[in-house]
Amino acid sequence: MKNLKKYIKYGLAVVLVTGCDTKQLHDLNVNPQALNEVDLNFIFTSTELAIASNGTTGDNRYIDWRTNIGMCAYAIQHLANSGGGIAPGDKYQSNAETNAAPFEFTYNDQLKNIAEILKQSGPGGFAEGKYKNMREAARIIRAFSFARLTDFYGNIPYSEANKGIEGIFFPKYDTQDVVYADLLKELDEATAALSASNPDEGFKAADFIYNGDITKWKKWGYSLMLRLAMRISNVDAAKAATYVTKAAAGGVFASNADNVWVKMSDGPNEWTNQNGISRAFDPGDGGQPTYLSATLVNFLKGTNPGVATDDDPRLMIISGGINGTIVDPVKQKGMPNGYDQAMLDKLEGKQVDVAKTYSRINTKMLQDSDPYMIMNYGEVEFLLAEAIERKIGTGIAGTAKSHYDAGVKASMQMYTPFDATLTVADAAVTKHLTTYPYGVTKPALEMIGEQMWVNKFFNWWEAWSDWRRTGFPKLTPTNYPGNVTGGTIPVRLRYPTNEVAGNPNYQTGATLPDDFTTKVWWDK
Numbered sequence: 001m002k003n004l005k006k007y008i009k010y011g012l013a014v015v016l017v018t019g020c021d022t023k024q025l026h027d028l029n030v031n032p033q034a035l036n037e038v039d040l041n042f043i044f045t046s047t048e049l050a051i052a053s054n055g056t057t058g059d060n061r062y063i064d065w066r067t068n069i070g071m072c073a074y075a076i077q078h079l080a081n082s083g084g085g086i087a088p089g090d091k092y093q094s095n096a097e098t099n100a101a102p103f104e105f106t107y108n109d110q111l112k113n114i115a116e117i118l119k120q121s122g123p124g125g126f127a128e129g130k131y132k133n134m135r136e137a138a139r140i141i142r143a144f145s146f147a148r149l150t151d152f153y154g155n156i157p158y159s160e161a162n163k164g165i166e167g168i169f170f171p172k173y174d175t176q177d178v179v180y181a182d183l184l185k186e187l188d189e190a191t192a193a194l195s196a197s198n199p200d201e202g203f204k205a206a207d208f209i210y211n212g213d214i215t216k217w218k219k220w221g222y223s224l225m226l227r228l229a230m231r232i233s234n235v236d237a238a239k240a241a242t243y244v245t246k247a248a249a250g251g252v253f254a255s256n257a258d259n260v261w262v263k264m265s266d267g268p269n270e271w272t273n274q275n276g277i278s279r280a281f282d283p284g285d286g287g288q289p290t291y292l293s294a295t296l297v298n299f300l301k302g303t304n305p306g307v308a309t310d311d312d313p314r315l316m317i318i319s320g321g322i323n324g325t326i327v328d329p330v331k332q333k334g335m336p337n338g339y340d341q342a343m344l345d346k347l348e349g350k351q352v353d354v355a356k357t358y359s360r361i362n363t364k365m366l367q368d369s370d371p372y373m374i375m376n377y378g379e380v381e382f383l384l385a386e387a388i389e390r391k392i393g394t395g396i397a398g399t400a401k402s403h404y405d406a407g408v409k410a411s412m413q414m415y416t417p418f419d420a421t422l423t424v425a426d427a428a429v430t431k432h433l434t435t436y437p438y439g440v441t442k443p444a445l446e447m448i449g450e451q452m453w454v455n456k457f458f459n460w461w462e463a464w465s466d467w468r469r470t471g472f473p474k475l476t477p478t479n480y481p482g483n484v485t486g487g488t489i490p491v492r493l494r495y496p497t498n499e500v501a502g503n504p505n506y507q508t509g510a511t512l513p514d515d516f517t518t519k520v521w522w523d524k
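Here the sequence shown stands for residues 1 to 524, where the numbers follow the UniProt record's numbering.
1. If you draw a straight line from the alpha carbon of G286 to that of F105, how long is it in whole angstroms?
2. Where does F42 land, buried or exposed, given buried means 16+ other C-beta within 10 angstroms?
3. Please report how far the alpha carbon of Q507 lies from the alpha carbon of Q93, in whole angstroms.
4. For Q351, does the three-state DSSP call read helix, strand or coil?
5. From the DSSP output, in three-state form, read off L35 for me.
6. For P289, count the other beta carbons within 10 Å of its own beta carbon; 16 or more makes it buried, fewer makes it exposed. Which is it?
7. Below 8 Å, how does it come out for the segment 259-269 and the segment 226-245: are there three or more Cβ pairs, yes or no?
8. What residues in its chain sit with their C-beta under 6 Å from that of residue 601, if we drop five residues either side in the sequence?
9. If you reduce the DSSP assignment to three classes, tell me which class S159 lands in.
10. Could you tell me if G338 is buried or exposed, where buried requires 16 or more neighbouring beta carbons within 10 angstroms of its beta carbon?
11. Give every residue of the same chain whose Cβ lies closer than 6 Å to the Cβ of Q413, excluding the five residues on either side of it in the sequence, and list them in chain order.
12. What would DSSP say about Y153, mapped onto helix, strand or coil?
13. Please state the DSSP three-state secondary structure of M71.
14. Could you please give the first and the last residue of the uninterrupted beta strand (DSSP E) stretch that includes V262?
15. Secondary structure at G212, three-state DSSP: helix, strand or coil?
16. Considering just the uninterrupted stretch of the beta strand (DSSP E) at M316, what are its terminal residues?
17. Is the beta carbon of P504 sitting closer than 8 Å to the one on F170?
18. To the nearest angstrom, how far is the alpha carbon of V38 from that of F208?
19. Sort A101, V327, M452, N155 by Cα distance to E386 and report the nearest one.
20. Using the Cβ count rule (16 or more neighbours within 10 Å means buried), how would you classify G84?
21. Out of curiosity, what's the CA-to-CA distance linking K456 and G124?
22. CA-CA distance, A34 and F126?
23. Per the contact definition of three or more C-beta pairs closer than 8 Å, is the segment 306-314 in contact with the segment 344-363?
24. Can you grab the Cα-Cα spacing for the pair F299 / I140, in whole Å?
25. Just tell me which of Y480, P305, A52, A280 has its CA closest to the CA of K263.
26. Between the C-alpha atoms of T242 and G393, what's the straight-line distance to the nearest angstrom?
27. Throw me the rounded Cβ distance for the I63 and P102 pair, which I believe falls under 8 Å.
28. Can you list, in chain order, the residues of its chain whose CB lies under 6 Å from that of F281, leaving out five sequence neighbours each side?
29. Closer than 6 Å by C-beta to S223: which residues in its own chain qualify, once you throw out the five before and the five after it? Chain order, please.
30. From this set, F458, N273, G395, which residue's C-alpha is nearest M373's C-alpha?
31. Give the secondary structure of Q507 by DSSP, where H, G and I count as helix, E and B as strand, and everything else as coil.
32. Would Y436 pass as a contact of A444 if the rule is Cβ separation under 8 Å?
33. Run through DSSP, which three-state label would G393 get?
34. Helix, strand or coil for T293? Go by DSSP, reduced to three states.
35. Say yes only if the C-beta of F152 is nearer than 7 Å to one or more non-hydrogen atoms of the ligand NAP, and no if none qualify.
36. Can you tell me whether D523 is helix, strand or coil according to DSSP?
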């Protein structure tokens, strides 16, 4: 480089450069020790892991423990808690970490990685025009993650989120109806753009959900579209019908082989690659109690709870028994929600040993290496049945009953990825459907809602959203002394305190009042 002279004036080093060509000037800004281009395949793999283990950095059980379990599993009455662990959803209390976890981890891990993929594979990025299928798959995951965020909080930073590199440090809030409209548009565009004719560019190796199978990615895109369309069906029936029709035409999940599972492993260490739900619970290192709610156990025991043959075959899949030894279905007993130890003692008329009294989650589904379910075929069948019953959308083949029956069968037979012994024979499914025929035992929509509720065991955040939208099952709230909701089941999370204090757009754009009883837009 010619005529490079350094001058010091008023204590400021000024560099004058003459005679330099463009490349030399560019090289001045390149750190030879830094990585300036990252293989997007690695970022995509990290993104897939993050939607299950809740983050590529930090504690991979955090969101599951604080929110999926601590709030949703208890509020939805799949689990109950007499006082141990994190359980604000059992007695309607407030926990700062429960409120903050999804907001902080989703923006800072999943969505940050996706933003980088979309930026670098888009106009002006170093990979512009490349990684086409990966880009569209990332848009599907982005829709999945943003939908969960807005379902938790209502209005959220969306259009300006994850744009700090562009100088947007305080993103504005978008209303939930605007967010949903764009998410549905994104799913429509991204799913249609996926093509087996696009260059692979490492996508098959990077994708450990579907191993680059474009047909399965399309099915997930359209299945997620169906979920989001039905979620807004009570407040925007026209838009819901449009996208239900698109999803049915595009092709949704057709069997449990299409289910979205994220593979987990035992290592390389306790913070990486392990199932966040399993790690939160005992016998994992989190120590969260695993007691099943009386609401769930009683539902699975059926209308004749003293007759073992009348039980739902999922009872002894979900339950591992009482104290690990009492495995007779008739003797299973759930813990009532909203009770502490003293209240249980009074209820039972004696000092209660909870470990020897109540059913707990089957440990065959609580291993650190167990896969993590994101979305399944059974849910899709129930949504199709509901759409037909409510006449939302067109082009859905079959009847509401045929889809309901298929959903029950799929839901009962989807647990074998946890353990091969968790099988349910076709004959058991048929017997159950015969004992509880669709639309006869109870009204059709109530039966659909109840089955979606059972289907979402482990996926409690989605069960919470389904219950808020449909009102099924008909849950009885608790009224523990000092609860913060006035004895009603919470219907949203509060925003993190640092967001409230740090983003000036909160006051004008957030869902307010910022309380557990303020409904989100689609729940109105």
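For glycine and all other residues, C-beta sits at the position ideal for the given N, C-alpha and C. Being a predicted model, the structure only gives us computed values, none of them experimental.
Let's see:
1. Sequence index remark: in the sequence shown, residue 286 carries index 286 (1-based). Sequence index remark: in the sequence shown, residue 105 carries index 105 (1-based). Taking the straight line joining both Cα atoms gives about 18 Å.
2. Position 42 of the sequence shown, counting from 1, holds the residue named residue 42. By the neighbour-count rule (16 or more Cβ atoms within 10 Å), F42 is not buried but exposed.
3. Translated into the one-based positions of the sequence shown, residue 507 becomes position 507. Translated into the one-based positions of the sequence shown, residue 93 becomes position 93. If you take the alpha carbons of Q507 and Q93, they lie about 24 Å apart.
4. Numbered from its first residue, the sequence shown carries residue 351 at position 351. Per DSSP, reduced to three states, the secondary structure at Q351 is coil, with no helix or strand assignment.
5. As a position in the sequence shown, residue 35 is number 35, starting the count at 1. Reliability of the predicted coordinates at L35 is poor, the pLDDT of 47 falling under 50, and the value obtained from them is presented with this limitation in mind. Of the three classes helix, strand and coil, the one that applies to L35 here is coil, per DSSP.
6. For the purposes of this step, residue 289 is identified with residue 289 of the sequence shown, where counting begins at 1. Buried: at least 16 other Cβ atoms inside 10 Å.
7. no
8. The structure shown does not extend to residue 601, since the chain spans only 1 to 524, so no value can be given for it.
9. Residue numbering aside, residue 159 sits at position 159 when the sequence shown is read from its first letter. If DSSP states are grouped into helix, strand and coil, S159 belongs with coil.
10. Here residue 338 refers to the residue found at position 338 when the sequence shown is read from its first residue. Here G338 is buried. Its C-beta has 16 or more other C-beta atoms within 10 Å.
11. Against the sequence shown, residue 413 aligns to sequence position 413. Within the same chain, Q413 has close Cβ partners V424.
12. The count along the sequence shown starts at 1 and reaches residue 153 at position 153. Here Y153 sits in helix by DSSP.
13. Start at 1 with the first residue of the sequence shown, and residue 71 comes out as number 71. Correct three-state label for M71: helix.
14. Looking up residue 262 in the sequence shown gives position 262. First-last of the beta strand (DSSP E) with V262: 260-262.
15. In the sequence shown, counting from the first residue as 1, residue 212 sits at position 212. It is coil, neither helix nor strand.
16. Looking up residue 316 in the sequence shown gives position 316. No beta strand (DSSP E) contains M316, which is instead part of the alpha helix (DSSP H) from 315-318.
17. Taking the sequence shown and counting its residues from 1, one reaches residue 504 at position 504. Taking the sequence shown and counting its residues from 1, one reaches residue 170 at position 170. Taking 8 Å as the Cβ cut-off, P504 and F170 qualify as a contacting pair.
18. As a working mapping, residue 38 is identified with position 38 in the sequence shown. As a working mapping, residue 208 is identified with position 208 in the sequence shown. The straight-line gap from Cα to Cα measures roughly 19 Å.
19. Residue numbering aside, residue 386 sits at position 386 when the sequence shown is read from its first letter. Put simply, of A101, V327, M452, N155 the residue whose alpha carbon is nearest the alpha carbon of E386 is M452.
20. Taking the first residue of the sequence shown as 1, we reach residue 84 at position 84. By the neighbour-count rule (16 or more Cβ atoms within 10 Å), G84 is not buried but exposed.
21. As a first step, residue 456 must be located in the sequence shown, where it is residue number 456. As a first step, residue 124 must be located in the sequence shown, where it is residue number 124. Rounded to the nearest angstrom, the two C-alpha atoms are 41 Å apart.
22. One-based indexing of the sequence shown puts residue 34 at position 34. One-based indexing of the sequence shown puts residue 126 at position 126. Low confidence applies to A34: its pLDDT is 42, below 50, so where it sits in the model is not reliable, and the reading given next is rough at best. Approximately 16 Å between the Cα atoms of the pair.
23. no
24. Stepping through the sequence shown from its first residue, residue 299 is reached at position 299. Stepping through the sequence shown from its first residue, residue 140 is reached at position 140. Pairing F299 with I140, the inter-Cα distance amounts to about 34 Å.
25. One-based indexing of the sequence shown puts residue 263 at position 263. For K263, the closest alpha carbon among the candidates Y480, P305, A52, A280 is that of A52.
26. Taking the first residue of the sequence shown as position 1, residue 242 is located at position 242. Taking the first residue of the sequence shown as position 1, residue 393 is located at position 393. So the two alpha carbons sit approximately 6 Å from each other.
27. The residue you call residue 63 lines up with position 63 of the sequence shown. The residue you call residue 102 lines up with position 102 of the sequence shown. That belief holds up - the Cβ atoms of I63 and P102 are roughly 6 Å apart, short of 8 Å.
28. In the sequence shown, counting from the first residue as 1, residue 281 sits at position 281. For F281, where only same-chain residues beyond five positions count, the Cβ hits under 6 Å are Q288, T290, L366.
29. In the sequence shown, the residue the question calls residue 223 occupies position 223. Cβ neighbours of S223 beyond the five flanking positions: V252, F253, V380.
30. If you number the sequence shown from 1, residue 373 lands on position 373. With distances taken between Cα atoms, M373 lies closest to F458.
31. Along the sequence shown, read from residue 1 onward, the residue named residue 507 stands at position 507. The answer is helix: DSSP assigns Q507 an H, G or I state.
32. Start at 1 with the first residue of the sequence shown, and residue 436 comes out as number 436. Start at 1 with the first residue of the sequence shown, and residue 444 comes out as number 444. Y436 is not a Cβ neighbour of A444, given a cutoff of 8 Å.
33. By one-based count along the sequence shown, residue 393 stands at place 393. Looking at G393 - three-state DSSP - the assignment turns out to be coil, as it is neither helix nor strand.
34. Residue numbering aside, residue 293 sits at position 293 when the sequence shown is read from its first letter. With the sequence shown as reference, residue 293 is identified as Ser, and Thr is not the correct amino acid for it. Residue state, collapsed to three classes: strand.
35. Absence of the ligand NAP is noted for the structure shown, with no ligands found whatsoever.
36. Along the sequence shown, one-based indexing puts residue 523 at 523. Here D523 sits in helix by DSSP.
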